[in-house]
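Here's the structure we're looking at; comments come further down.
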């Protein structure tokens with residue numbers, strides 16, 4: 013029983029890391045999304061349809077879900093990423109609601125009743141996906157592509173004046189983030205055996221945002237740490253019972269006061285490894 | 068002529084910030100633009116770099132029309148700039164800032180994920196260090212750009228702009244807000260860059276600096292070109308005296 017519990021904790025934390033890294037790539041170019049639950053849904057439903065209705069193996073089904081989320085991320089990103097700040101938040105929120113409503117009225121995937129019969133997510137599989145996602149993020153952070161994203165996040169006009177195609181990079185980063193979130197969605201569906209549209213609503217999108225904000229948006233390690241810590245919190249602080257949400261809220265208020273950039277920032281990383289990119 | 072503006076105009080609502088300007092910049096020259104505040108100098112730079120689109124007129128660079136191309140394409144064609152209010156990537160290191168400046172000449176995009184260890188990338192990093200060294204900034208390479216002193220920031224911004232070896236460098240008031248020693252360092256840096264046969268278009272308020280650096284001077288006032296001459300000649304134009312000192316009172 014202990015090992016089943018440990019497996020479930022590892023799977024839950026790993027999926028959270030994938031979801032958080034997905035949003036990190038959006039934030040890395042200075043964008044914002046309140047609709048990542050939608051990309052998670054696209055990954056989850058695509059993978060579930062392929063395994064349940066077409067008998068695919070889980071891993072290729074999850075990768076197809078990622079591809080679908082990438083394609084829709086690019087398609088949505090092209091018009092939506094022209095906006096900034098509050099307008100972008102509203103547009104991505106709208107996108108998340110459209111996806112949720114779309115699956116709710118689609119009988120093929122069970123409508124509001126949801127879909128069931130998915131299974132097969134294992135801890136080693138999740139850890140392998142997480143390892144690949146972290147390796148990809150590390151390479152990105154240390155490449156010219158990552159440098160271009162950094163430049164865009166800090167000053168779009170100056171980045172463009174240096175020869176960086178701001179729009180292309182934003183849309184691409186949005187698509188890559190959607191794909192990672194889609195992977196998280198596919199694994200999520202096959203871990204909980206059941207999905208329905210409300211699973212991927214605003215609450216899920218906000219949970220993903222909180223992972224990244226808690227860990228810090230300056231580096232991908234922030235998203236990784238934030239996702240792990242916040243997905244372990246409910247188990248660690250079970251003794252708080254009804255006071256848990258009170259504590260959770262307090263944690264974020266304190267964070268915004270004392271460390272608004274999140275737990276991990278560049279300065280901390282530099283101090284940890286003593287300079288050099 | 069490497070850069071040619073023909074009847075270039077920019078209107079913001081009722082205000083005509085740039086009003087039918089013709090300008091030709093000779094290759095390998097240093098060409099200064101002077102004029103009182105609000106005369107349209109920075110707007111002109113924004114039009115050339117592609118930060119904003121013109122209302123009318125055309126821009127030709129190296130024989131090709133560029134006024135409908137976005138800013139990043141113009142940078143790749145070889146037009147680089149600095150900003151009046153320094154705009155470094157302040158969270159990045161000085162070296163990383165210069166590396167961003169190399170964007171048009173380095174291997175970028177998705178393939179850069181695995182090219183980090185390639186010879187081309189190593190050569191680019193070395194080139195970035197050399198540029199910093201040539202402007203006396205090698206010691207600052209690993210410092211965070213946002214933490215530098217004002218004068219240092221200005222020099223790093225110039226290093227970032229020249230990192231890709233542009234054909235045309237636009238410098239927007241590079242000595243503004245500086246003390247005499249800092250300004251002298253910037254002027255020395257500009258002279259070094261000009262010696263590499265880079266074409267430089269410079270907005271500058273300090274007339275001694277203009278005299279020192281430029282071969283041609285264009286004077287703007289209220290968005291219009293009022294004079295163009297050598298630095299010595301331009302100061303004797305009545306329009307220039309009027310623009311700078313106000314209209315002469317006639318008895």
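Residue numbers (my numbering), protein chains in the order written: chain B, 13 to 289; chain G, 68 to 318.
Every residue gets a Cβ at the ideal spot worked out from N, C-alpha and C, and that includes glycine.
Given that residue 321 of chain G touches chain B, what residues does it touch there, using C-beta distances under 7 Å? Outside the displayed span of chain G (68 to 318) sits residue 321 of chain G, for which this structure offers no information.
Beta-carbon spacing of residue 32 of chain G, residue 292 of chain G below 8 Å: With chain G running from 68 to 318 in the structure shown, residue 32 of chain G is simply not present.
Of all Cβ atoms in chain B, is any one closer than 8 Å to the Cβ of residue 265 of chain G? For residue 265 of chain G, not one C-beta of chain B is nearer than 8 Å to its own C-beta.
Measure the beta-carbon distance from residue 187 of chain B to residue 86 of chain B and round it to whole angstroms, keeping in mind my assumption that it falls under 8 Å. 4 Å
Would you report the Cα separation of residue 126 of chain B and residue 60 of chain B, rounded to the nearest angstrom? 11 Å
Selection from G/263, G/255, G/235, G/264 that minimises the alpha carbon distance to residue 91 of chain G: G/235
With DSSP as the reference, please indicate the residues paired to residue 288 of chain G in a beta bridge. G/291
If you measure from the beta carbon of residue 192 of chain G to each beta carbon in chain B, is any gap under 8 Å? no
Is the segment 135-151 of chain G in contact with the segment 144-158 of chain B, if contact means three or more CB pairs nearer than 8 Å? no
State yes or no: is the C-beta of residue 4 of chain B within less than 8 Å of the C-beta of residue 190 of chain B? The requested residue 4 of chain B does not occur in the structure, where chain B is confined to residues 13 to 289.
Got a sec: is the Cβ-Cβ distance from residue 114 of chain G to anything in chain B below 8 Å? no
Between the alpha carbons of residue 251 of chain G and residue 233 of chain G, how many angstroms are there, rounded? Between the alpha carbons of residue 251 of chain G and residue 233 of chain G lies a gap of roughly 23 Å.
Are there three or more Cβ pairs, one per stretch, closer than 8 Å when the segment 270-280 of chain B is compared with the segment 220-237 of chain B? yes
Report the three-state DSSP secondary structure of residue 289 of chain B (helix, strand or coil). Unreliable placement is indicated for residue 289 of chain B, whose pLDDT of 46 sits below 50; the coordinate value is still reported in the next sentence. Coil, per DSSP.
Would you decide whether residue 164 of chain B is buried or exposed? Buried here means 16 or more other CB atoms lie within 10 Å of its CB. buried
Might you give, ordered along the chain, the residues of its own chain that have their beta carbon closer than 6 Å to the beta carbon of residue 291 of chain B, omitting 5 neighbours on each side? It is not possible to answer for residue 291 of chain B, since the shown part of chain B is limited to 13 through 289.
Are the beta-carbon atoms belonging to residue 192 of chain B and residue 67 of chain B less than 8 Å from one another? no
DSSP three-state call for residue 146 of chain G: helix, strand or coil? strand
Distance, Cα to Cα, residue 288 of chain B vs residue 230 of chain B? Unreliable positioning characterises residue 288 of chain B in this predicted model, as indicated by a pLDDT of 49, which lies under 50. A coordinate reading is not provided.
Neighbourhood of residue 278 of chain B by C-beta, 7 Å cutoff - its chain only, sequence neighbours within 5 removed: 230, 231
Out of curiosity, what's the CA-to-CA distance linking residue 92 of chain B and residue 104 of chain B? 8 Å
Would you identify the three-state DSSP class for residue 25 of chain B, choosing helix, strand or coil? Residue 25 of chain B: helix per DSSP, three-state reduction.
List in chain order: all unbroken beta strand (DSSP E) runs of 3+ residues lying wholly within the segment 194-258 of chain G. If we require 3 residues or more, the beta strand (DSSP E) runs fully inside the segment 194-258 of chain G come out as 235-239.
Cβ of residue 128 of chain B within 7 Å of any heavy atom in the ligand FMN? Inclusion of the ligand FMN in the displayed structure is not the case, the ligand content being empty and no account of it being possible.
Across the segment 159-166 of chain G and the segment 210-226 of chain G, are there enough close Cβ pairs to call them in contact, namely three or more that are closer than 8 Å? yes
So, for residue 197 of chain G: in the same chain, excluding its five sequence neighbours on each side, which residues have a beta-carbon less than 8 Å away from its beta-carbon? So the list is empty, once near-sequence residues are dropped.
So what does residue 296 of chain G bridge to, in DSSP terms? Answer is G/284.
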